[in-house]
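For the sequence shown, my numbering gives the first residue as 1235, with consecutive numbering after it.
Each remark here refers to the structure printed beneath this line.
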Amino acid sequence: MSTLARPIPVRVRARARASASDEIIGRSSPPLFRSPFAPAEPFWTKRWKESVDERIKHGTYCDYVIDARDRAEVFGYRLGVVACAVGLVASAVGSGRGASGDAAANVAWFVGGGGLGLSLWLIHMYVSEIRSAMRLMWGIGYGASALIAGTSGESAPAYVLEHPSSMLAVGWMFAALTGLAFKEGMCYGKPEAGALFFAVPLMCLSHLFGAPEEFQSLSATGVGVLLLIFAARKFTQPVADDVGDKSIFMFNAIEDPEEKERWLVNARASGRAYVDEDV
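Rendered as structure tokens:
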């Protein structure tokens, strides 16, 4: 078992927190002498290492820390949300404004869709099957968008605007966005995410079934505003929120049944009463 994954008994944690922190993080003492020929460490790696959260988190199966890799993944996830919001809003604004506007809208559409794909790749979800389903929906919608842009002679947003039935193909990408909004709304109680869960399907269905243009425009505007608010507010959350209980991911990654059983035994022995005895 790796040093990072070993649960720490409560008595050890109370008596020697500093030593426990060092053991979990897996730090080693810096060398006394550094070769002048050793390659310099990239500045971004050094910055991420300095940003490690030294506070020990108490998970379901073991203690852990939010490390540099976790922070990088969360930053990438949030950056993808921003790209999704800005790209989709820009594609809606630029579409129908001449050839140059349609070309810019097409680029924005794929940037926004790509940002959503990045977020779905980096999102932390305990139920991997749901995450895989969301990625599959995104892939269908994004692939359909690429097919439309490559064969129709029009930009993807312009084609979707003129052909409501195309929403049956590209709408899968928005279904994935709806799933992400549901996750954010349920996990963190974000009102804008909860509103997106209803607003995105309403926008897609109103266009698919030919609702009045005023209503379609209003629903699209509402989705755009909610997306921008949602993206901006993601950066006000603690990093630990988007990481979740890291010990659950560590436990789920174990393939050996005997190793999993040892984790459960250690977790119960260390006083983690919320570990189900029947797991």
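By construction, the Cβ of each residue, glycine as well, lies at the ideal position given by its N, Cα and C atoms.
Does the distance from the C-beta atom of residue i to that of residue j stay below 9 Å?
| i | j | result |
| --- | --- | --- |
| TRP1343 | SER1366 | no |
| CYS1318 | LEU1350 | yes |
| ALA1339 | GLY1348 | no |
| ILE1364 | GLY1413 | yes |
| VAL1316 | LYS1468 | yes |
| VAL1403 | ALA1378 | This sequence places Ala at residue 1403; Val is not what is there. Yes, Cβ-Cβ distance for ALA1403 and ALA1378 is below 9 Å. |
| ASP1475 | CYS1421 | yes |
| LEU1442 | GLY1387 | no |
| PRO1398 | GLY1458 | no |
| ASP1304 | VAL1477 | yes |
| PHE1187 | TRP1497 | Any question about residue 1187 goes unanswered here, given that the chain covers just 1235 to 1513. |
| LEU1461 | LEU1322 | yes |
| SER1481 | ASP1297 | yes |
| MET1368 | LEU1354 | yes |
What does DSSP give as the partner residue(s) for residue i in the beta ladder?
| i | result |
| --- | --- |
| TYR1298 | LYS1291 |
If you compare alpha carbons, which of the options is closest to residue i?
| i | options | result |
| --- | --- | --- |
| LEU1436 | GLU1426, SER1453, PHE1464 | SER1453 |
| GLU1418 | ILE1382, ILE1357, GLU1492, VAL1457 | ILE1357 |
| VAL1434 | PRO1446, GLY1456, LYS1424, MET1420 | GLY1456 |
| ALA1465 | LYS1494, GLU1426, MET1368 | GLU1426 |
| THR1470 | PRO1446, GLU1492, TRP1355, VAL1308 | VAL1308 |
| SER1389 | LYS1480, ALA1333, GLU1493 | ALA1333 |
| VAL1299 | VAL1473, ALA1380, ASN1486 | VAL1473 |
| LEU1352 | SER1362, SER1400, GLY1373 | GLY1373 |
| VAL1394 | LEU1354, GLN1450, LEU1430 | GLN1450 |
| VAL1341 | ILE1488, GLU1493, PRO1391 | PRO1391 |
| ILE1463 | GLU1493, ALA1487, LYS1424 | LYS1424 |
| MET1401 | GLY1375, SER1362, ALA1415 | GLY1375 |
| ALA1487 | ALA1415, SER1362, ALA1503 | SER1362 |
Could you please give the first and the last residue of the uninterrupted alpha helix (DSSP H) stretch that includes residue i?
| i | result |
| --- | --- |
| GLY1423 | Counting along the chain, GLY1423 falls outside any alpha helix (DSSP H), and DSSP gives it neither H nor E. |
| PRO1491 | 1491–1503 |
| PHE1485 | 1480–1486 |
| GLN1450 | 1447–1468 |
| TYR1360 | It is not in any alpha helix (DSSP H) - TYR1360 carries neither H nor E in the DSSP assignment. |
| PRO1391 | 1390–1396 |
Checklist entry - Looking at C-beta atoms only, is the number of pairs between the segment 1288–1298 and the segment 1312–1321 that lie closer than 8 Å three or more? => result no
Checklist entry - Is the segment 1408–1415 touching the segment 1423–1441 in the sense that three or more CB pairs, one from each, lie closer than 8 Å? => result yes
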